[in-house]
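What follows is one structure encoded as structure tokens, with my remarks underneath.
2 protein chains.
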Amino acid sequence: MIDWSLYVITDAKLSRGRSHLEVLRAAIAGGATVVQYREKEGTTRQMIEEARALRELTRQAGIPFIVNDRVDIALAVDADGVHVGQDDMPAPVARRLLGPGKTVGVSVDNLEQALQAEQDGADYVGAGPIFATLTKPDAAPPIGPEGLAEICRRVSIPVVAIGGINEENAAAVIAAGAAGVAVVSAVVAAPDVEATARRLREIIEAARAR
Amino acid sequence: MIDWSLYVITDAKLSRGRSHLEVLRAAIAGGATVVQYREKEGTTRQMIEEARALRELTRQAGIPFIVNDRVDIALAVDADGVHVGQDDMPAPVARRLLGPGKTVGVSVDNLEQALQAEQDGADYVGAGPIFATLTKPDAAPPIGPEGLAEICRRVSIPVVAIGGINEENAAAVIAAGAAGVAVVSAVVAAPDVEATARRLREIIEAARAR
Chain A
1 MIDWSLYVIT
11 DAKLSRGRSH
21 LEVLRAAIAG
31 GATVVQYREK
41 EGTTRQMIEE
51 ARALRELTRQ
61 AGIPFIVNDR
71 VDIALAVDAD
81 GVHVGQDDMP
91 APVARRLLGP
101 GKTVGVSVDN
111 LEQALQAEQD
121 GADYVGAGPI
131 FATLTKPDAA
141 PPIGPEGLAE
151 ICRRVSIPVV
161 AIGGINEENA
171 AAVIAAGAAG
181 VAVVSAVVAA
191 PDVEATARRL
201 REIIEAARAR
Chain B
1001 MIDWSLYVIT
1011 DAKLSRGRSH
1021 LEVLRAAIAG
1031 GATVVQYREK
1041 EGTTRQMIEE
1051 ARALRELTRQ
1061 AGIPFIVNDR
1071 VDIALAVDAD
1081 GVHVGQDDMP
1091 APVARRLLGP
1101 GKTVGVSVDN
1111 LEQALQAEQD
1121 GADYVGAGPI
1131 FATLTKPDAA
1141 PPIGPEGLAE
1151 ICRRVSIPVV
1161 AIGGINEENA
1171 AAVIAAGAAG
1181 VAVVSAVVAA
1191 PDVEATARRL
1201 REIIEAARAR
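Chains A and B supply the protein sequences, listed in that same order.
Residue numbering for the first sequence is 1 to 210, as defined by my numbering.
Residue numbering for the second sequence is 1001 to 1210, as defined by my numbering.
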């Protein structure tokens, strides 16, 4: 059982010049429970080297390591799984290549995609954007905590909420039924990554205890 | 045993608006013996769809289908192998992910890389650029037929020559000992792809008969 509480996703452009390794080490120290390597630029060789370092970090920390889109990178470094968007490898193909022991997550914009992902054998969905976000300028319109709540009611796999989530609104997302909160800028762009992750994690735990 | 004689590599920008499927169908009709899908742009989903169509085409034609760089795409469509550059997945990792039954090729600029590729378990090397080429502006300096001949003498796996090869110089490349000729622009940018491939194939066969 994966603890989806605080799912931190890399973004080289938002990291203030800090390496993914540096940012994620701090995020994990602050309480990140899952980590995703998301990199769209650079060579395959560079991605493998970076992912290998993050694999080592997450193994030592005992938390799951997910690779965005690139099943080849995930296989090369023995990641715990992949996360695929609607424009990436179809989930059933990713499942076939990774095998039953790995985690496959799917990004969904709406209920229909969430139901499809569940049917396709996804282990979890990343649902959103919940709120407006600058990280993905091409994202679909925000679904809000209401849209999220509907997805949480209708699918039985864990729903991780993503898109514009921060310390102000994380509690509402957990209250809507999300298994956890996925963040990019709220954590990786923070001046103090560890402290920010810690506060977010506390907010999530407090909201869940309610 | 793969017939490396005429190895045609896709390039969307050079194809005069024609689809990879259209260009490669004509190239195969003209005598291409191996096909490589090389695509650096677009989503993983688009690549899988394109590669799937090319997999079908090459299967019907009975010729090997190789995917450049992306082992995930190769696995998804059951390609016959991958071709990796020095900045792509290391050959031993590609071999591990693809299994022993698939073909792994490696791009090499010089003899040292060729010997390393052979040691890494590559099934063939793509050596070059032989001549100056506009297709890869970041390519290493041309090694010429002399540099090619040295690589052919020193490695025991097939050496496919690449870089600036056309109807004028293909015979010299075969004379230097190459198992075949890899072409991008000479074929995919040709107004009549089929006729061009046919002439190149004839030149290669004639050079080999000498």
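Even glycine gets a Cβ: it sits at the ideal position worked out from N, Cα and C.
Whole-Å CB distance - residue i paired with residue j, under 8 Å assumed
{"i": "A:M89", "j": "B:T1044", "result": "5 Å"}
{"i": "B:G1164", "j": "B:I1130", "result": "6 Å"}
{"i": "B:A1127", "j": "B:G1105", "result": "Actually they are not in contact, since the Cβ atoms of B:A1127 and B:G1105 sit about 11 Å apart, beyond 8 Å."}
{"i": "B:L1057", "j": "B:L1006", "result": "Not confirmed; about 16 Å, so no contact."}
{"i": "B:D1078", "j": "B:R1055", "result": "7 Å"}
Top-ranked residue by Cα proximity to residue i, from the options
{"i": "B:L1200", "options": "B:I1002, B:M1001 and B:V1008", "result": "B:V1008"}
{"i": "A:R153", "options": "A:R96, A:N68 and A:L111", "result": "A:L111"}
{"i": "A:D120", "options": "A:P191, A:F65, A:A94 and A:T196", "result": "A:A94"}
{"i": "A:V125", "options": "A:K136, A:P145, A:T103 and A:A139", "result": "A:T103"}
{"i": "A:E41", "options": "A:N68, A:L97 and A:S185", "result": "A:N68"}
{"i": "A:S156", "options": "A:D192, A:A32, A:A114 and A:A132", "result": "A:A114"}
{"i": "A:T196", "options": "A:P158, A:G17, A:A32 and A:M1", "result": "A:A32"}
{"i": "B:M1001", "options": "B:I1028, B:G1062, B:E1150 and B:A1171", "result": "B:G1062"}
{"i": "B:Q1046", "options": "A:D87, A:L24 and A:G17", "result": "A:D87"}
{"i": "A:P64", "options": "A:I28, A:E150, A:E146 and A:I151", "result": "A:I28"}
{"i": "A:E168", "options": "A:V181, A:E194 and A:P158", "result": "A:V181"}
{"i": "B:K1136", "options": "B:E1118, B:Q1116 and B:D1109", "result": "B:D1109"}
{"i": "B:A1117", "options": "B:I1066, B:I1151 and B:R1018", "result": "B:I1151"}
{"i": "A:S107", "options": "A:L98, A:A91 and A:G99", "result": "A:A91"}
C-beta contact flag for residue i and residue j at 8 Å
{"i": "A:A178", "j": "A:L148", "result": "yes"}
{"i": "A:L14", "j": "A:A189", "result": "yes"}
{"i": "A:N166", "j": "A:A186", "result": "yes"}
{"i": "B:R1198", "j": "B:I1174", "result": "no"}
{"i": "B:P1142", "j": "B:A1172", "result": "no"}
{"i": "A:V193", "j": "A:A26", "result": "yes"}
{"i": "A:W4", "j": "A:P191", "result": "no"}
Endpoints, beta strand (DSSP E) assigned at residue i
{"i": "B:S1107", "result": "T1103 to V1108"}
{"i": "A:V35", "result": "V34 to Y37"}
{"i": "A:V67", "result": "F65 to N68"}
{"i": "A:A161", "result": "V159 to I162"}
{"i": "B:A1182", "result": "G1180 to V1183"}
{"i": "B:A1139", "result": "Note, B:A1139: premise wrong, no beta strand (DSSP E); not H, not E."}
{"i": "B:G1042", "result": "Segment: none, B:G1042 is in no beta strand (DSSP E) and carries neither H nor E."}
{"i": "B:A1132", "result": "Note, B:A1132: premise wrong, no beta strand (DSSP E); not H, not E."}
{"i": "B:G1031", "result": "From DSSP, B:G1031 is part of no beta strand (DSSP E); its letter is neither H nor E."}
{"i": "B:A1197", "result": "Taken as a continuous stretch (DSSP letters only), B:A1197 belongs to no beta strand (DSSP E), being part of the alpha helix (DSSP H) at V1193 to A1209."}
{"i": "A:G81", "result": "G81 to V84"}
Residue range of the alpha helix (DSSP H) that includes residue i
{"i": "A:I174", "result": "A170 to A175"}
{"i": "A:G147", "result": "G144 to R154"}
{"i": "B:L1006", "result": "No alpha helix (DSSP H) holds B:L1006; the beta strand (DSSP E) holding it covers L1006 to I1009."}
{"i": "B:A1012", "result": "First-last for B:A1012: undefined, no H or E at that position."}
{"i": "B:A1122", "result": "B:A1122 -> no alpha helix (DSSP H), and no H or E assigned at all."}
{"i": "B:I1073", "result": "V1071 to V1077"}
{"i": "B:A1091", "result": "A1091 to L1098"}
Residue i at chain D interface by Cβ criterion, 8 Å
{"i": "A:T44", "result": "Of the chains in the structure shown, none is chain D; the protein chains are A and B."}
At a cut of 8 Å, does the stretch 80-97 of chain A reach the stretch 47-54 of chain A through at least three beta carbon pairs? no
Is there contact here, the stretch 1036-1043 of chain B with the stretch 1203-1210 of chain B, by at least three beta-carbon pairs under 8 Å? no
Closer than 8 Å is the cut-off here; do at least three beta carbon pairs connect the stretch 61-81 of chain A with the stretch 1063-1077 of chain B? yes
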